[in-house]
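Asker:
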Amino acid sequence: MDREIELAKELLINLVSVYTPPRYEFRLIPVVREWADKLGYDEFYVDDVGNIFLRRGSHGRTILLAGHLDTVPGKIDVKLFQDTVHGRGAVDAKGPLAAFILGAALSNLEGCNSKVYVAGLIREEDDGLGSRHLVESGFKSDHIIVGEPTNLGVGVAYRGSISIRVSVSTLGGHSSAPYIGESALDKLIQFINMVKARFNGVKFDEVSSAFTILRAGDWPGNLPKKGEAYLNIRYPPGRYSEDIITEIREMAQNSGVELQILGLEKPVEVSVNTPVVRALVRSILGSDLKPRIVKKTGTSDMNTLITISKSITAFGPGDSRLAHTDYEKIKIDEVVTASRIISNALKELS
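Next comes the structure, spelled out in C-alpha cells:
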C-alpha cells in the first residue's frame, strides 16, 4: 500500500509538472518512457502522429487503456498539499493516465491470456487526431477503457459535438447613429440569442449550446464591420447532427450571418452488459465501493474509439466538475484506488 501511494504520487507529479497543451504532448515522451522502464513494461513506442504506447504481454486478447496526454491551455502551478496534487491536467486527464500506467503495471499478467496497451493519445482537447489516427491505422483491440475523470464511475455514454465558426460582414457606421449604420456585433448578438433560446439544455438527454469566443470591433466610436464567434453544440444519442445544423442554418439566415462547420462528433452509448463495463462494475464491488453508471454531457475519445470495439467504457479518478478550471486537483489515494480497480478488471478480461 505504501509503495503504491509513493509510486502514484511520484508518477502523478511527474506527469502534471510537464505542461502539455495540444501539439506539445511530445514533452511527456521522455517522462513516460522512463516510467515504462521503471515499472517493467515490455515495450514503449511512439507512433507516426505522436501517440505513445506502453505494452505488457504479447499474446491473447488485446486490451487498450486509452488516456490522453494533452490538457486545455492555461498553466497552473503544480503543488502537493497533504495528499492532493494540484495542477493543470491533474483531473483531465493525467490522473486517469497515471491510474492506467500503474494499474497495468501492478497487475500480474504472467500466464494471463492478454496483451495490454496503455496509450497516451494526442490532441483529445483539440481535433482528436490521436484517436482518429488509431482508428485509421487499423489498431485492433478486444476491449477499451478510455481514461477520463468519472469520479470512479463507469461511463457508458457521451454526447455528440458540433463545432461551428460564425462570421459576418456589414457596412459599419458611426456609433452615434446606429439606426443608419449596420453593426456586425448586433447581428452576432441576434444570432446568439436565437441559438441560446432554442438549445438551452441542462441535462444529458438535452441539446445545449455554448459560445466560447466572440470578436467584433476595432474602435469605440465605430459600429463593427466584421465579427466572428465560435459555437459548440452538444447533443445526446437519439438526436441527429443534420437536423440540428439545419435549424442553426435557418437562424443564421434570419440573422444575416454565415456558418462554417469545423467539426462533428457523433454521440456514443453502450450497454451496461458490455463485457468491459461488467468487468469494471465487479472490480469496483470488489473494492468495497458502490458502482455508479454515468452518462457524460461532454465528448471524449470514446466517441471515436467505439469503431474499434463495442466493448468500451470510460473510467478514471477525478471530479469532472474541476476539469478545465483553474482549480484542478486530485487525491493520490483516489488514483491508487482507480489503479487497483483497473488491475482487477484487466485480470477478469484476460
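Mapping the sequence shown onto our numbering, position 21 (from 1) lands on 44, and the numbers just tick up by one.
In this text, a Cβ means the ideal position worked out from N, Cα and C, and glycines have one as well.
Using beta-carbon positions only, say whether Ser366 and Gly90 come within less than 8 Å of one another.
Answerer: Stepping through the sequence shown from its first residue, residue 366 is reached at position 343. Stepping through the sequence shown from its first residue, residue 90 is reached at position 67. Not closer than 8 Å, so no.
Asker: Report yes if the C-beta distance between Gly286 and Asp106 is below 8 Å; otherwise report no.
Answerer: If you number the sequence shown from 1, residue 286 lands on position 263. If you number the sequence shown from 1, residue 106 lands on position 83. Contact flag unset, no.
Asker: Tell me the rounded alpha-carbon separation between Lys138 and Pro260.
Answerer: Here residue 138 refers to the residue found at position 115 of the sequence shown. Here residue 260 refers to the residue found at position 237 of the sequence shown. Computed Cα separation, rounded: 32 Å.
Asker: My guess is that Ala233 and Gly250 are in contact by the Cβ rule of under 8 Å, so how many angstroms apart are they, rounded?
Answerer: Position 210 of the sequence shown, counted from the first residue, corresponds to residue 233. Position 227 of the sequence shown, counted from the first residue, corresponds to residue 250. Between Gly250 and Ala233 the Cβ distance is about 18 Å, and since that is not below 8 Å, they are no contact.
Asker: For Glu357, count the other beta carbons within 10 Å of its own beta carbon; 16 or more makes it buried, fewer makes it exposed. Which is it?
Answerer: Start at 1 with the first residue of the sequence shown, and residue 357 comes out as number 334. With 16 or more other Cβ atoms within 10 Å, it is buried.
Asker: Tell me where the alpha helix (DSSP H) around Leu369 begins and ends.
Answerer: Stepping through the sequence shown from its first residue, residue 369 is reached at position 346. From DSSP, the alpha helix (DSSP H) with Leu369 extends over 355-372.
Asker: If you reduce the DSSP assignment to three classes, tell me which class Gly176 lands in.
Answerer: As a first step, residue 176 must be located in the sequence shown, where it is residue number 153. Gly176 falls in the coil class under three-state DSSP.
Asker: Tell me which same chain residues have a C-beta within less than 6 Å of the C-beta of Asp115, skipping the five on either side of it?
Answerer: Residue mapping note: residue 115 aligns to position 92 of the sequence shown, counting from 1. The answer, listed in chain order, is Pro172, Ala346.
Asker: Mapping DSSP to helix, strand and coil, what is Gly63?
Answerer: As a position in the sequence shown, residue 63 is number 40, starting the count at 1. Coil, per DSSP.
Asker: Quick test of the definition: if touching needs 3 or more C-beta pairs under 8 Å, does the stretch 196-211 touch the stretch 169-188?
Answerer: no
Asker: Compute the minimum distance between the beta carbon of Ser198 and the heavy atoms of the ligand SAM, and state whether it is under 7 Å.
Answerer: The ligand SAM is not part of the structure shown, which contains no ligands of any sort.
Asker: What three-state label does DSSP hand His166 in the structure shown?
Answerer: Translated into positions along the sequence shown, residue 166 becomes position 143. His166: strand per DSSP, three-state reduction.
Asker: Quick check on Phe227: does DSSP put it in helix, strand or coil?
Answerer: Taking the sequence shown and counting its residues from 1, the one referred to as residue 227 is at position 204. In this structure, Phe227 counts as coil in the three-state DSSP scheme.
Asker: Could you tell me which of Pro119, Glu281, Leu34 sits nearest to Tyr253, measuring between CA atoms?
Answerer: In the sequence shown, counting from the first residue as 1, residue 253 sits at position 230. Nearest C-alpha to Tyr253: Glu281.
Asker: So, Ala59 versus Phe49, is the Cβ gap smaller than 8 Å?
Answerer: For the purposes of this step, residue 59 is taken as residue 36 along the sequence shown, with counting starting at 1. For the purposes of this step, residue 49 is taken as residue 26 along the sequence shown, with counting starting at 1. No.
Asker: Take the Cβ of Ala207 as the centre, count every other Cβ of all protein chains shown within 10 Å, and call the residue buried at 16 or more, exposed below.
Answerer: Locating residue 207 in the sequence shown gives position 184, counting from the first residue. Burial is judged here by how many other beta carbons sit within 10 angstroms of a residue's own beta carbon; Ala207 has at least 16 and is buried.
Asker: Give me the Cβ distance between Glu371 and Ser306, rounded to the nearest whole Å; I'm assuming they're in contact under 8 Å.
Answerer: Position 348 of the sequence shown, counted from the start, is the residue given in the question as residue 371. Position 283 of the sequence shown, counted from the start, is the residue given in the question as residue 306. Yes, Glu371 and Ser306 are in contact; Cβ-Cβ is about 7 Å, under 8 Å.
Asker: Taking Cβ to Cβ, would you say His166 is nearer than 8 Å to Ser332?
Answerer: For the purposes of this step, residue 166 is identified with residue 143 of the sequence shown, where counting begins at 1. For the purposes of this step, residue 332 is identified with residue 309 of the sequence shown, where counting begins at 1. Yes. Within cutoff.
Asker: Given a cut-off of 8 Å on the beta-carbon distance, is the pair Gly63 and Ala128 in contact?
Answerer: For the purposes of this step, residue 63 is taken as the residue at position 40 of the sequence shown. For the purposes of this step, residue 128 is taken as the residue at position 105 of the sequence shown. Cβ atoms of Gly63 and Ala128: closer than 8 Å.
Asker: When DSSP builds the beta bridges, which residues end up paired with Gly196?
Answerer: The residue given as residue 196 occupies position 173 in the sequence shown. According to DSSP, which records beta bridges pairwise, Gly196 is partnered with Leu246.
Asker: According to DSSP, Leu88 sits in a beta bridge with which residue or residues?
Answerer: Counting from 1 along the sequence shown, the entry for residue 88 is found at position 65. Beta-bridge pairing links Leu88 to Val141, Ile168.
Asker: Quick check: what's the CA-CA separation for Val191 versus Gly321?
Answerer: As a working note, residue 191 is residue 168 in the sequence shown. As a working note, residue 321 is residue 298 in the sequence shown. A direct Cα-Cα distance of roughly 28 Å separates Val191 from Gly321.
Asker: According to DSSP, is Ala264 helix, strand or coil?
Answerer: Reading the sequence shown from its first residue, position 241 is the one you call residue 264. For the sequence presented, residue 264 should be read as Ser rather than Ala. Helix at Ser264.
Asker: Just tell me which of Met325, Lys210, Gln276, Leu194 has its CA closest to the CA of Arg155.
Answerer: Along the sequence shown, one-based indexing puts residue 155 at 132. Arg155 has its Cα closest to that of Met325, out of Met325, Lys210, Gln276, Leu194.
Asker: Pull up the DSSP beta-bridge partners for Thr336, would you.
Answerer: Looking up residue 336 in the sequence shown gives position 313. DSSP lists Ile168 as partners of Thr336.
Asker: Within its chain, find whatever has a CB closer than 8 Å to the CB of Asn136; leave out the 5 residues flanking it on each side and keep chain order.
Answerer: For the purposes of this step, residue 136 is taken as the residue at position 113 of the sequence shown. These residues qualify, in order along the chain: His82, Gly83, Arg84, Ser373.
Asker: Determine the DSSP secondary structure at Thr94, reduced to helix, strand or coil.
Answerer: Here the question's residue 94 lines up with position 71 in the sequence shown. It is coil, neither helix nor strand.
Asker: How many angstroms separate the CA atom of Tyr140 from the CA atom of Ile124?
Answerer: Along the sequence shown, one-based indexing puts residue 140 at 117. Along the sequence shown, one-based indexing puts residue 124 at 101. Cα-Cα distance, rounded: 9 Å.
Asker: Please classify Glu29 as buried or exposed, where buried requires at least 16 neighbouring CB atoms within 10 angstroms.
Answerer: Locating residue 29 in the sequence shown gives position 6, counting from the first residue. The residue is exposed, with fewer than 16 neighbouring Cβ atoms inside 10 Å.
Asker: Does DSSP classify Gly134 as helix, strand or coil?
Answerer: For the purposes of this step, residue 134 is taken as the residue at position 111 of the sequence shown. Residue confidence for Gly134 is low, a pLDDT of 48 falling below 50, so the modelled location carries little weight; the figure read from the coordinates is stated next. In this structure, Gly134 counts as coil in the three-state DSSP scheme.
Asker: Is His109 helix, strand or coil when you go by DSSP?
Answerer: As a position in the sequence shown, residue 109 is number 86, starting the count at 1. In the structure shown, His109 adopts extended strand secondary structure according to DSSP, grouped into three states.
Asker: For a test of the three-state rule: what should DSSP assign to Glu33, helix, strand or coil?
Answerer: Taking the sequence shown and counting its residues from 1, one reaches residue 33 at position 10. Note: Glu33 maps to helix in three-state DSSP.
Asker: Is it the case that the Cβ atoms of Val101 and Pro44 are separated by a distance below 8 Å?
Answerer: For the purposes of this step, residue 101 is taken as the residue at position 78 of the sequence shown. For the purposes of this step, residue 44 is taken as the residue at position 21 of the sequence shown. Not a contact, by the Cβ cut-off of 8 Å.
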